[in-house]
Amino acid sequence: MTVIPVKRLDAAKSRLRGAVARDRHPELVLAMVCDTAAAVLNASTVAGLIVVTDDPVVAGAVRDLGAKVAPDPGAGLNAALRSGAEEIAGLGTHRAVLTGDLPALRSGQLDAALAAVSGRGFVPDAAGTGTVLLAAAPRVPLDPRFGPGSAAAHLASGAAPLTGDWPGLRQDVDTAADLDVVLRLGAGDRTHTLLRDVGLSQACTPAGCAR
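When you read off a place in the sequence shown, starting at 1, and then add 511, the result is the number in this note's numbering.
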């Protein structure tokens, strides 16, 4: 079972503000969440997706895609992940937690990363300092340590780093520069459509930028 936490749209992705017009920011966040969720749900190794959120717009959108929704316990990111993975999915299952800002994610990349997990493992982000995925085998505590320097924190806690050739999985979006990278990799349909509508992706398609 895979878990994605999502803040309320009016508070999410604060570092990304200014990449698009202020009134389009929630749309951009939602598009990235939906593209991430769609890729997860299409992965052959994923039994299901739980989105932990208190935002009704997010909840409705991901339910339409086939995800389940769980309430955010309100004690921070790691508490939300533990709630979804340990209390709802259950310790007896394979569990993976994933960030919701991976609009270039490909289902095959997620399948490959999850297949590489033995015990407890994590995928560092493209910068090498953050974490985009943390997974644990049945009866292995997930012990999420997301936040600044999470890659080092997960490594120190005994999780094995997984470093395959998975550019769409590793490329999260925190800044406008990250959006440029996502467009080169090939953004999901929803993110690409929104960025095209605001004039940021004239030379790109969902499969990637034209060369």
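Glycine included, C-beta positions come from ideal geometry on N, C-alpha and C.
Distance check between residue 578 and each of 635, 647, 611, 707 places 611 closest, using alpha-carbon atoms only. DSSP, reduced to helix, strand and coil, places residue 688 within a helical segment of the structure shown. Put simply, the backbone Cα of residue 581 is about 13 Å away from that of residue 519. For the set 565, 678, 513, 637, the Cα lying nearest the Cα of residue 554 is the one of 513.
A straight line joining the alpha-carbon of residue 655 with that of residue 605 spans about 14 Å.
In this model, residue 631 and residue 712 are separated by some 38 Å (Cα to Cα). Per DSSP, the beta-bridge partners of residue 579 are 561. In the pairwise beta carbon analysis, the segment 616–632 is classified as not touching the segment 582–597: fewer than three pairs are separated by under 8 Å.
Here DSSP, grouped into helix, strand and coil, assigns residue 607 to strand.
Residue 613 carries a coil assignment under DSSP once its states are collapsed to helix, strand and coil. Note: residue 540 is not bridge-paired with any residue in the DSSP secondary-structure output. Residue burial annotation: residue 529 is exposed, with fewer than 16 other C-beta atoms found within 10 angstroms of its C-beta. By the neighbour-count criterion, in which 16 or more other beta carbons inside 10 Å mark a residue as buried, residue 686 falls on the exposed side.
Annotated three-state conformation of residue 719 is strand, per DSSP. In the DSSP assignment, residue 516 falls within the beta strand (DSSP E) that extends over 513–516. Note: residue 644 is bridge-paired with 609, 634 in the DSSP secondary-structure output. A Cβ-Cβ separation of about 7 Å places residue 684 in contact with residue 614 under the 8 Å criterion.
Counting along the chain, residue 621 sits inside the alpha helix (DSSP H) bounded by residues 618–626.
When secondary structure is reduced to three states using DSSP, residue 678 falls in the helix class.
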